[in-house]
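Chains as they are written, first to last, in the numbering used here: chain R, 169 to 281; chain G, 14 to 126.
Following: one structure in structure tokens, then a few remarks.
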């Protein structure tokens, strides 16, 4: 069985500051891991994913995440926040990548000027 | 860029009424999913659908729920007799055969009074 924990329902940063959104997972098999973003009144958009291979994955809009098996983590980072990054971010895990996604509760990122 | 669409964006209904939520997946996708998110809770998997059959369903997806692909473009979720606890955001997603990324629609907010 898979599960995801996202620490912090809200994260506030200033424009230009580092963004760090935390995700820890539990999986009985090697996981497929995803970060999705939801802007207001829009669907969930894939930011990046880890399947196999390189543990540091880069996504759209300057985001990246590192798969750390020893820590069962897949934290999302961005060196410098933009106002346009304000959105809700969801971490998700899947057993195979082809099956259902199991989501965390989401983290709302607030960016102040 | 092709996208998943959902209608309506917001549906208000009385308890005990039937509702049908509609989704138009991306045209060449063959795998379809419904998820829901009760306010303040996790996005939860409901059902997956392939080749006109349910592939997997969660324990939430009881006899009150059904899915259908009535034609070559639409994918619907029917709730036969709505309960207050069915109030949630319902997301449709689709996936290309052989791909590990699900593409989500903007969601339908269902409010049961």
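Using N, Cα and C, we set each Cβ at its ideal position, and we do this for glycine too.
Residue i beta carbon near the ligand GDP (any heavy atom closer than 8 Å)
i                      : result
residue 113 of chain G : Among the components modelled here there is no ligand, and therefore nothing to report on the ligand GDP.
Residue nearest to residue i in terms of C-alpha spacing, selected from the options
i                      : options                       : result
residue 14 of chain G  : G:22, G:32, G:39 and G:34     : G:39
residue 237 of chain R : R:281, R:249, R:221 and R:226 : R:221
residue 78 of chain G  : G:33, G:117 and G:18          : G:33
residue 257 of chain R : R:234, R:190 and R:226        : R:190
residue 247 of chain R : R:199, R:235, R:278 and R:229 : R:229
residue 271 of chain R : G:43, G:55, G:109 and G:41    : G:55
residue 239 of chain R : R:265, R:223, R:277 and R:184 : R:223
residue 169 of chain R : R:199, R:183, R:279 and R:266 : R:199
residue 280 of chain R : R:202, R:266 and R:253        : R:253
residue 276 of chain R : R:181, R:172 and R:171        : R:181
residue 43 of chain G  : G:126, G:85 and G:90          : G:85
residue 185 of chain R : R:206, R:250 and R:241        : R:250
residue 201 of chain R : R:225, R:255 and R:175        : R:225
residue 90 of chain G  : G:41, G:70 and G:113          : G:70
Beta carbon proximity, residue i to chain R, threshold 9 Å
i                      : result
residue 71 of chain G  : yes
residue 46 of chain G  : yes
residue 114 of chain G : yes
residue 104 of chain G : yes
residue 19 of chain G  : yes
residue 57 of chain G  : yes
residue 118 of chain G : yes
residue 54 of chain G  : yes
residue 100 of chain G : no
residue 108 of chain G : yes
residue 22 of chain G  : yes
residue 31 of chain G  : no
residue 94 of chain G  : no
residue 16 of chain G  : yes
residue 40 of chain G  : no
Residue-chain proximity (residue i, chain G), Cβ-Cβ < 9 Å
i                      : result
residue 215 of chain R : no
residue 209 of chain R : yes
residue 193 of chain R : no
residue 237 of chain R : no
residue 225 of chain R : no
residue 269 of chain R : yes
residue 242 of chain R : no
residue 196 of chain R : no
residue 264 of chain R : yes
residue 230 of chain R : no
residue 274 of chain R : yes
residue 222 of chain R : no
residue 254 of chain R : no
Supposed close pair residue i, residue j - CB separation, criterion 8 Å
i                      : j                      : result
residue 273 of chain R : residue 177 of chain R : 7 Å
residue 94 of chain G  : residue 31 of chain G  : 7 Å
residue 214 of chain R : residue 231 of chain R : Not a contact, Cβ separation roughly 11 Å.
residue 117 of chain G : residue 227 of chain R : Not really, about 16 Å apart at Cβ, beyond 8 Å.
Item to check | the stretch 61–69 of chain G touching the stretch 40–49 of chain G, judged by at least three CB pairs closer than 8 Å | outcome: yes
Next on the checklist: Tell me whether the stretch 119–126 of chain G and the stretch 92–107 of chain G touch, counting them as touching only if at least three CB pairs, one residue from each stretch, are closer than 8 Å.
Outcome noted: yes
Checklist entry - Touch check for the stretch 191–198 of chain R and the stretch 255–269 of chain R: three-plus C-beta pairs under 8 Å? => result yes
Item to check | Segment contact, 8 Å Cβ cut-off, at least three pairs: the stretch 14–28 of chain G with the stretch 68–76 of chain G | outcome: no
Checklist entry - Where in the stretch 184–211 of chain R do unbroken runs of the beta strand (DSSP E), each at least 3 residues long, occur, reported from the N-terminal end onward? => result 187–189, 192–194 and 200–206
Next on the checklist: Please give the ranges of any beta strand (DSSP E) in the stretch 232–261 of chain R, keeping only runs that are unbroken, at least 3 residues long and fully inside the region.
Outcome noted: Whole beta strand (DSSP E) segments, 3+ residues: 232–236 and 241–246.
Checklist entry - Which residue spans inside the stretch 54–78 of chain G form an unbroken alpha helix (DSSP H) run of at least 4? => result none
Next on the checklist: List, from N- to C-terminal side, the beta strand (DSSP E) runs of 3 residues or more that fit wholly inside the stretch 19–45 of chain G.
Outcome noted: 23–26 and 32–37
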